[in-house]
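Asks: Dumping the structure here so I can ask a few things about it.
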Amino acid sequence: MKDRIRGLLADAARRAHTAGALPSGDFPDIDIEVPKVEAHGDFATNFAMIMAKIQRMAPRRIAEIIIAHLDGAADLIAKTEIAGPGFINFHIQPAAWAPLLKAIPAAGERYGAVDIGCGRKVQVEFVSSNPTGPLHVGHGRGAAVGDAVANLLAFCGYDVQREYYINDSGRQIRTLGHSVLLRYRALHGRHADFPEDCYQGDYIRDLAREMKSREGDRLLSLDEDEALMTCARFAAERIIAGIRDDLLDFGVAFDRWFSEQSLYDDGRVARSIEAFRDNGQIYESEGALWFNTSQYGDEKDRVVVRGNGRTTYFASDIAYHQEKFERGFERVIDVWGADHHGYIARMKASVAASGIDPERFEVILVQLVNLLRAGAPVAMSTRAGAFVTLQDVVREVGRDAARFIFLTRHYANTLDFDLEVAKQKSNDNPVYYVQYVHARIASIRRKAAENGIAAADGADECLARLDTAEDVALIKHLLRYPDAVLAAARQMEPHRITFYLMNLAGAFHSYYNKQRVLVEDPDTSRGRLYLVAAVQAVIRNGLTLLGVSAPERM
RNA sequence: GCGCCUGUAGCUCAGUUGGAUAGAGCAACGGACUUCUAAUCCGUAGGUCGCAGGUUCGAAUCCUGCCAGGCGUACCA
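Using our numbering, you'd call the opening residue of the first sequence number 824 and step up by one each time.
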């Protein structure tokens, strides 16, 4: 529709120029938008206004000239008008809308997909929580956002890979091993102080018990380091397996689980450091090795190998991101918790230093989640071990409610997640509001089938009955879905889909209360069934992008 | 101190990349179930878009400076 109007305008402008009414033949791109106020028509353009300078004429005068040269669209356009400083408003013939609905079943599950990816490879790395404890609510938000972004990009033509980076190397993994070992020894009556910097949660005791039943007292006779590393490897594996299960329950499946340790095992980190030393980007100072990230916009240089010879986390991250680009991804997207924002500059710097355009590396910073119960904060301290895990939340409120709520805010905003609200089946909790549309329509369609009403196929005589204000309003809403998808995919903002769906749901519920679908006149019934089936398809389509189910009954 | 994020109705938040009279939900008040699912709908009320300048035909949106809140600022991860 927009394209058609754009074409009409371009023709009109060209014709006006040829006729000598417009001095310049240099026309800017035409932007067509949907006005906020209904009285301003169905579509509007500021075309005349942005041409004012080029044409050296008043915007309203240009608008008059263009309208005078519009031609051959009486079937489409009911009325044009010039408004405000020089907007051209278009009122579409009411009968022109219904046939456009055919695009929805014609596109099937692909309705709304705009191919901006053209098969290019993109990687979305998300969650990547350290394997030192179970996922908590904040990770859930990262999972919901990362998965939805991946869905959107895949929907819009990118070849998407989902990756989880496992930090199974370094000090924290030793701390994990140490924590389990101490609990394990305690189970054998060898009590010792449990340091504060060890992991306090009950899951550590569970792991120790498991260790005991598997190994008996074998670890007691091993030397300290070997016992510790045995515990560490065992615990990390079990925790990762748990994380994987929790994510599957949450509806998130990764294509690849990438081990940090593997970067050391195959010499990747060492080779990367060597290469940067050779070209002078890594240098030695005060007994440590530094990366000159400040040359690429970071506020200072960063250590990659400490004075004690141990590499930093940054060292493996440099190698990891080089490796990602070597795998042929055109875009690499990392989803991080907002508390890591200080890390972006150095990561971008390292990418740039590797000779890769840093624009190709993007970071989505997801703000934290405040977990509440009936308005009161729920304690979320990881160290103290008194946290609510993602699994707890999913068990309590359900996967759909959790995923939907995580996507009801722009990720740059902190999110209040209230467990009680998430369980409510009311307008407070928009997931049911949206799902209810799907279930209601399913019910209508079942009823239609029982009554022997033939499936709606979009025949002209049926579509012609979609002529009430409510019909047209709903059709217009459905036709805006591709715009919402495009904006969401381009900006990697899944909440735009969430808001679109809530608005569409509102439009449908309103329709439902004003118009009956199954009425006496068969053409009207079949026309409305066709419309309502399109609503159902778009709801299902959008919910799928968000990773939320579309129930047939509620 | 410096950096990033946020500031819009009593509360929680949108706002189509600079457009016309700034929108939803909740909470408040008043209505609608004999009809395809009331997990719904309709109506009323609610605003100095943090503050002050600037840019232009036009600013919640862009630029500058303040104010407030959150986060970050390690040879931690």
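All residues carry an ideal CB built from backbone N, CA and C; glycine is no exception. Predicted, not measured: the structure shown is a model, and the values here were computed from it.
Would you check if the distance between the CB atom of Ile1362 and the CB atom of Ala1328 is smaller than 9 Å?
Replies: Taking the first sequence and counting its residues from 1, the one referred to as residue 1362 is at position 539. Taking the first sequence and counting its residues from 1, the one referred to as residue 1328 is at position 505. At the C-beta level, Ile1362 and Ala1328 come within 9 Å of one another.
Asks: If you drop the 5 nearest sequence neighbours on each side, which residues of the same chain put their C-beta closer than 6 Å to that of Gln1084?
Replies: Numbered from 1 along the first sequence, position 261 holds the residue referred to as residue 1084. Closer than 6 Å at the Cβ level, and outside the excluded window around Gln1084, lie Asp991 and Ser992.
Asks: Going by CA-CA distance only, name the one from Asp1157, Ala1138 and Tyr1234 that's closest to Val983.
Replies: For this step, residue 983 is matched to residue 160 along the first sequence. Ranking Asp1157, Ala1138 and Tyr1234 by Cα distance to Val983 puts Asp1157 first.
Asks: Determine, using beta-carbon pairs with one atom in the region 1218-1227 and one in the region 1185-1200, whether at least three such pairs fall under 8 Å.
Replies: No: the two stretches stay apart, fewer than three of their Cβ pairs being nearer than 8 Å.
Asks: What's the call for Gln1314, buried or exposed, on a 16-neighbour Cβ count within 10 Å?
Replies: The residue you call residue 1314 lines up with position 491 of the first sequence. By the 10 Å Cβ count, Gln1314 comes out exposed.
Asks: At what residues does the beta strand (DSSP E) containing Val950 begin and finish?
Replies: Reading the first sequence from its first residue, position 127 is the one you call residue 950. Careful: Val950 lies outside any beta strand (DSSP E) and carries neither H nor E.
Asks: Are the beta-carbon atoms of Pro1181 and Tyr1136 separated by less than 9 Å?
Replies: By one-based count along the first sequence, residue 1181 stands at place 358. By one-based count along the first sequence, residue 1136 stands at place 313. No; because the gap between Cβ atoms is not below 9 Å, this pair is not in contact.
Asks: My understanding is that Leu1213 touches His962, with C-beta atoms under 8 Å, so please give their C-beta distance in whole angstroms.
Replies: Here residue 1213 is taken as the residue at index 390 of the first sequence, counted from 1. Here residue 962 is taken as the residue at index 139 of the first sequence, counted from 1. Cβ atoms of Leu1213 and His962 come within 8 Å of each other, at about 6 Å.
Asks: Count the other CB atoms within 10 Å of the CB of Asp1029; is the residue buried (16 or more) or exposed (fewer)?
Replies: Within the first sequence, residue 1029 is the residue found at index 206, counting from 1. Exposed, because fewer than 16 other Cβ atoms sit within 10 Å of the Cβ of Asp1029.
Asks: Along the chain, where does the beta strand (DSSP E) that runs through Ala930 open and close?
Replies: Numbered from its first residue, the first sequence carries residue 930 at position 107. Run containing Ala930: none in the beta strand (DSSP E); it sits in the alpha helix (DSSP H), Ala926 to Ala930.
Asks: Between the region 1107-1127 and the region 1060-1070, are three or more C-beta pairs nearer than 8 Å?
Replies: no
Asks: For the alpha helix (DSSP H) that contains Ser1044, what are its first and last residues?
Replies: Position 221 of the first sequence, counted from the first residue, corresponds to residue 1044. Unbroken run through Ser1044: none, as it is neither H nor E.
Asks: Mapping DSSP to helix, strand and coil, what is Lys1123?
Replies: As a working note, residue 1123 is residue 300 in the first sequence. The three-state secondary structure of Lys1123, taken from DSSP, is coil.
Asks: Have a look at Thr1321, Gly1275 and Pro1305 and flag the residue whose alpha-carbon is nearest the alpha-carbon of Arg1349.
Replies: Position 526 of the first sequence, counted from the start, is the residue given in the question as residue 1349. For Arg1349, the nearest C-alpha among the options comes from Gly1275.
Asks: Return the bridge partner residues of Val945 from the DSSP annotation.
Replies: For the purposes of this step, residue 945 is taken as residue 122 along the first sequence, with counting starting at 1. The partner list for Val945 (beta bridge, DSSP) reads Val983 and Arg1154.
Asks: Does DSSP put Ile1187 in a helix, a strand or coil?
Replies: As a first step, residue 1187 is located in the first sequence; it is residue number 364 there, counting from the start. Shown here, Ile1187 sits in a strand according to DSSP, grouped into three states.
Asks: Which word fits Cys941, buried or exposed, when buried means at least 16 other C-beta atoms lie within 10 angstroms of its C-beta?
Replies: Against the first sequence, residue 941 aligns to sequence position 118. Cys941 is exposed by the Cβ-count criterion.
Asks: Please look up how many angstroms separate the CB atoms of Thr1116 and Arg1125, rounded, as I've assumed it's under 8 Å.
Replies: One-based indexing of the first sequence puts residue 1116 at position 293. One-based indexing of the first sequence puts residue 1125 at position 302. Their Cβ separation, rounded to whole angstroms, is 5 Å, which keeps Thr1116 and Arg1125 in contact under 8 Å.
Asks: Run through the region 1228-1264 for me and flag every whole alpha helix (DSSP H) of 4 or more residues, listed as ranges in chain order.
Replies: 1242-1246
Asks: On a CA-only basis, which of Tyr1304, Glu932, Leu1042 and Leu999 is nearest Ile1320? Give me that one, please.
Replies: Here residue 1320 refers to the residue found at position 497 when the first sequence is read from its first residue. Distance from the Cα of Ile1320 is smallest, within the candidate group Tyr1304, Glu932, Leu1042 and Leu999, for Tyr1304.
Asks: Starting from His1014, follow the alpha helix (DSSP H) in both directions and report where the run begins and ends.
Replies: Locating residue 1014 in the first sequence gives position 191, where the first residue counts as 1. Careful: His1014 lies outside any alpha helix (DSSP H) and carries neither H nor E.
Asks: Quick one: residues in its chain with C-beta nearer than 6 Å to the C-beta of Lys1248, no 5 flanking neighbours on either side, listed in chain order?
Replies: In the first sequence, counting from the first residue as 1, residue 1248 sits at position 425. Within the same chain, Lys1248 has close Cβ partners Tyr1255.
Asks: Considering just the uninterrupted stretch of the alpha helix (DSSP H) at Ala906, what are its terminal residues?
Replies: As a working note, residue 906 is residue 83 in the first sequence. No alpha helix (DSSP H) contains Ala906, which is instead part of the beta strand (DSSP E) from Ile900 to Ala906.
Asks: What does DSSP give as the partner residues of Ala1133 in its beta bridges?
Replies: On the first sequence, residue 1133 is found 310 positions in, with the first residue counted as 1. Before going on, a small fix: residue 1133 reads as Arg here, not Ala. Note: Arg1133 sits in no beta bridge, so no partner.
Asks: Have a look at Ile890, Arg1041, Gly1103 and Pro928 and flag the residue whose alpha-carbon is nearest the alpha-carbon of Arg829.
Replies: As a first step, residue 829 must be located in the first sequence, where it is residue number 6. Comparing Cα-Cα distances from Arg829 to each of Ile890, Arg1041, Gly1103 and Pro928, the minimum goes to Ile890.
Asks: Distance, Cα to Cα, Ile1141 vs Ala1172?
Replies: As a position in the first sequence, residue 1141 is number 318, starting the count at 1. As a position in the first sequence, residue 1172 is number 349, starting the count at 1. Spanning the two alpha carbons is a distance of roughly 10 Å.
Asks: Where does Ile855 sit, in a helix, a strand or coil, going by DSSP?
Replies: Locating residue 855 in the first sequence gives position 32, counting from the first residue. Residue state, collapsed to three classes: strand.
Asks: Please classify Thr841: is it buried, with 16 or more other beta-carbons within 10 angstroms of its beta-carbon, or exposed?
Replies: Position 18 of the first sequence, counting from 1, holds the residue named residue 841. Exposed: under 16 other Cβ atoms inside 10 Å.
Asks: Are the CB atoms of Met880 and Pro851 nearer to each other than 9 Å?
Replies: For the purposes of this step, residue 880 is identified with residue 57 of the first sequence, where counting begins at 1. For the purposes of this step, residue 851 is identified with residue 28 of the first sequence, where counting begins at 1. It is not a contact, given that the beta carbons lie outside the stated cut-off.
Asks: Does the region 1352-1367 touch the region 1279-1287, meaning 3 or more C-beta pairs lie closer than 8 Å?
Replies: yes
Asks: Spell out a yes or no on whether the region 1260-1276 and the region 1335-1352 are touching, meaning 3 or more CB-CB pairs, one atom from each, closer than 8 Å.
Replies: yes
Asks: Out of Ile1179, Glu1375, Asp1121 and Thr1347, which one is the CA nearest neighbour of Arg1269?
Replies: Here residue 1269 refers to the residue found at position 446 of the first sequence. Answer by Cα proximity: Glu1375.
Asks: How many angstroms separate the CA atom of Ala1009 from the CA atom of Ala1015?
Replies: Here residue 1009 refers to the residue found at position 186 of the first sequence. Here residue 1015 refers to the residue found at position 192 of the first sequence. Approximately 7 Å, taken between the alpha carbons.
Asks: Three or more C-beta pairs under 8 Å: does that hold for the region 924-931 against the region 888-906?
Replies: no
Asks: Could you check which residue in Met1034, Leu1045, Ala1055 and Ala973 has the C-alpha nearest to that of Leu999?
Replies: Position 176 of the first sequence holds residue 999. It is Ala1055.
Asks: Got a sec? Which residues, its chain only, sit under 8 Å from Glu1049 by beta carbon, not counting five neighbours each side?
Replies: In the first sequence, residue 1049 corresponds to position 226, counting from 1. For Glu1049, where only same-chain residues beyond five positions count, there are no Cβ hits under 8 Å.
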